[in-house]
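Residue numbers (numbering that gives the first Met the number 0): 0 to 241.
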Amino acid sequence: MKKTNNLDGKRIAVLTADGFEKAEVTVPVKVLKKAGAEVDIVSLRHGRIRGVNLHEPAGRISVDCTIGEVSADEYDGLLIPGGLLGPDLLRQSSEARDFVRAFDEARKPIASICHGPWLLVSAERLQGRTLTSWPGIRDDVVNAGATWLDQEVVRDGNLVTSRGPQDLKAFCEAIIELYAGRAAQARTRSSLTALSAPQRQEPPALPIQVMRWMPRPSFRTAFIVSGIALGVVVARKRLRVA
Numbered sequence: 000m001k002k003t004n005n006l007d008g009k010r011i012a013v014l015t016a017d018g019f020e021k022a023e024v025t026v027p028v029k030v031l032k033k034a035g036a037e038v039d040i041v042s043l044r045h046g047r048i049r050g051v052n053l054h055e056p057a058g059r060i061s062v063d064c065t066i067g068e069v070s071a072d073e074y075d076g077l078l079i080p081g082g083l084l085g086p087d088l089l090r091q092s093s094e095a096r097d098f099v100r101a102f103d104e105a106r107k108p109i110a111s112i113c114h115g116p117w118l119l120v121s122a123e124r125l126q127g128r129t130l131t132s133w134p135g136i137r138d139d140v141v142n143a144g145a146t147w148l149d150q151e152v153v154r155d156g157n158l159v160t161s162r163g164p165q166d167l168k169a170f171c172e173a174i175i176e177l178y179a180g181r182a183a184q185a186r187t188r189s190s191l192t193a194l195s196a197p198q199r200q201e202p203p204a205l206p207i208q209v210m211r212w213m214p215r216p217s218f219r220t221a222f223i224v225s226g227i228a229l230g231v232v233v234a235r236k237r238l239r240v241a
């Protein structure tokens, strides 16, 4: 495989969890490996974690190591993909928050896309920073003390962010520059930006249309969901009795 950029010797941690947006992991990982980087999937548990395409279940990927088994000292950069559930699970993990803080405190490059900045919010690393994200979490970012821009890629020092899957091409180009230690390109904005972009006036049409035309769940899916719900009810009753 011909390498398009030189990231030989660079080791990148991809911090993600069940419910990650599949394209936001598989596409950057492929690009990073093609550029010569060694990539580890770091997660909350061992095994294979489940991806999604928007809200639909997608393929799984293998976890190389859990957060507790590695440290930021072992890596040259961090990638935090999006998805609704994955970043939400990670932001509730003290190990995940500490892992992110260690990268930022060492000024190591961090890239995040879509809902990934939720973890940066909970790790309290956004005060005074400039970034973008999925527009739906714009207020979380602003309330964390950051400036939010409605752009495909924003770079602020050691941080590169993008809005979502629609920006993956620009995002991948930017993270290669970031991890290679190159200066930001003209298309990005600096942390000197004073004002956040306004809130969106309406949600994006694509997720709404996808949910509108999504088929009914199969009997197998309904059976599994019902079983989980029943298990929760039984567990709660046992706790009350105990």
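Every residue gets a Cβ at the ideal spot worked out from N, C-alpha and C, and that includes glycine.
The structure presented is a predicted model; accordingly, all values stated were derived computationally and were not measured.
Problem - When Lys-29, Ser-195, Leu-6 and Pro-80 are compared against Pro-116, the one with the closest alpha-carbon - result: Nearest option by C-alpha distance: Pro-80.
Practice task
Grab me the residues of Asp-166's own chain with a C-beta within less than 6 Å of its C-beta, minus the 5 sequence neighbours each way, in chain order.
Solution key: Within the same chain, and ignoring the five residues on either side of Asp-166 in sequence, the residues whose Cβ sits closer than 6 Å to its Cβ are Glu-151.
Exercise for the section: Determine contact between the stretch 76 to 96 and the stretch 29 to 44, defined as no fewer than three beta-carbon pairs at a distance below 8 Å. Expected result: Flag = yes, the stretch 76 to 96 and the stretch 29 to 44 touch.
Problem - Selected residue, minimal CA-CA separation from Leu-88, among Ala-179, Arg-49, Ala-71 and Lys-32 - result: Ranked by how close their Cα comes to the Cα of Leu-88, the residues Ala-179, Arg-49, Ala-71 and Lys-32 have Arg-49 in first place.
Practice task
Note the first and the last residue of the continuous alpha helix (DSSP H) segment covering Gly-135.
Solution key: Run containing Gly-135: none; DSSP gives neither H nor E here.
Handout entry: Which of helix, strand or coil DSSP assigns to Thr-192
Key = Confidence in Thr-192 is poor, its pLDDT being 46 and thus under 50, which makes the residue's placement too unreliable to answer from.
Exercise for the section: Identify whether Glu-172 lies in helix, strand or coil by the three-state DSSP scheme. Expected result: In the structure shown, Glu-172 sits in a helix (DSSP, three-state: H, G or I).
Handout entry: The beta strand (DSSP E) enclosing Arg-10, as first and last residue numbers
Key = Taken as a continuous stretch (DSSP letters only), the beta strand (DSSP E) holding Arg-10 covers 10 to 14.
Exercise for the section: For Ala-105, verify whether its CB is less than 8 Å away from any heavy atom of the ligand HEM. Expected result: The ligand content of the structure shown is nil, which means the ligand HEM is not present either.
Exercise for the section: Tell me whether Glu-201 sits in a helix, a strand or coil according to DSSP, three-state version. Expected result: Note: Glu-201 maps to coil in three-state DSSP.
Exercise for the section: Return the chain-ordered list of same chain residues with a C-beta closer than 7 Å to the C-beta of Ser-161, the five sequence neighbours on each side being excluded. Expected result: Within the same chain, Ser-161 has close Cβ partners Ile-112, Thr-131, Glu-151, Val-152, Ala-169 and Phe-170.
Practice task
Starting from Ser-161, follow the beta strand (DSSP E) in both directions and report where the run begins and ends.
Solution key: Ser-161 -> beta strand (DSSP E) spans 158 to 161.
Exercise for the section: Could you name the residues that DSSP lists as bridge partners for Val-41? Expected result: Bridge partners of Val-41: Leu-14 and Cys-64.
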